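Chemist: Be aware that the first sequence starts at 1, since it is given in my numbering, and climbs by one per residue.
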Amino acid sequence: MASNHFYHKVYLTVAKIPYGKVATYGQIADYINAYGRARQVGWALRRLQLPSNVPWYRVINSKGFITMSFSRHGSDWIQKKLLVNEGIKVDSKMKIDTKQYLWIPKELPYKE
DNA sequence: AGAATGACGCTGA
DNA sequence: TTCAGCGCCATTC
Numbered sequence: 001m002a003s004n005h006f007y008h009k010v011y012l013t014v015a016k017i018p019y020g021k022v023a024t025y026g027q028i029a030d031y032i033n034a035y036g037r038a039r040q041v042g043w044a045l046r047r048l049q050l051p052s053n054v055p056w057y058r059v060i061n062s063k064g065f066i067t068m069s070f071s072r073h074g075s076d077w078i079q080k081k082l083l084v085n086e087g088i089k090v091d092s093k094m095k096i097d098t099k100q101y102l103w104i105p106k107e108l109p110y111k112e
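#1: Starting from L48, trace the alpha helix (DSSP H) both ways and give me its first and last residue.
#2: Taking 6 Å as the limit between beta carbons, can you name the residues of its chain near F65, skipping five residues before and five after?
#3: When burial is assigned at 16 or more other CB atoms within 10 Å of the CB, is V84 buried or exposed?
#4: Could you tell me the boundaries of the alpha helix (DSSP H) in which N85 lies?
#5: Is A2 helix, strand or coil when you go by DSSP?
#6: Please determine, among Q100, P109 and M68, the residue with the shortest C-alpha to C-alpha distance to S92.
#7: Determine the closest residue to E86 out of L50, R58 and N33, with distance taken between C-alpha atoms.
#8: If you draw a straight line from the C-alpha of L12 to the C-alpha of I28, how long is it?
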């Protein structure tokens with residue numbers, strides 16, 4: 001199915017985020033030639049059934065925060081725990097120091 | 001089918 | 001610097 005292709009690209013790219021690093025929703029959208037579709041990246045990750053082999057927890061919003069939402073049914077707190085387990089510091093406001101942890105790939109992680 | 005929703009992000013005041 | 005407003009669009013109601 002064509003729509004699943006978008007999700008597949010999201011998962012493929014997210015899987016390339018290195019251990020101990022994070023990326024933003026917009027970044028992922030950008031890398032898969034879907035500039036401006038950060039929301040769809042969020043939908044793709046929300047669709048995952050946990051536990052997943054995709055490191056979904058390494059994706060945060062552009063402000064450097066873990067996005068908190070009741071609709072996530074606790075996965076936001078699980079996200080914090082998993083990131084801390086990788087040595088990433090997450091403060092009490094769910095803020096992450098992007099200067100230190102943001103993934104900056106040297107090459108385009110996804111190519112058509 | 002039409003409207004609302006949302007794990008987002010840029011812009012401009 | 002902060003923040004409301006708007007664009008985005010698949011999914012859900």
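Idealized CB from N, CA, C, for every residue including glycine. Given the structure is predicted, the values throughout are model-derived calculations rather than measurements.
Modeler: This is what the structure holds:
#1: First-last for L48: undefined, no H or E at that position.
#2: Cβ within range, chain order: M94 and K95.
#3: With fewer than 16 other Cβ atoms within 10 Å, it is exposed.
#4: N85: member of the alpha helix (DSSP H) spanning S75 to N85, first to last residue.
#5: With a pLDDT of only 47 at A2, under the threshold of 50, the placement of this residue in the model should not be trusted; the figure read from the coordinates follows. The three-state reading of DSSP puts A2 in helix, counting H, G and I together.
#6: Comparing C-alpha distances from S92 to each of Q100, P109 and M68 shows the shortest one belongs to M68.
#7: In this structure, R58 is the residue among L50, R58 and N33 with its C-alpha nearest to the C-alpha of E86.
#8: Approximately 10 Å between the Cα atoms of the pair.
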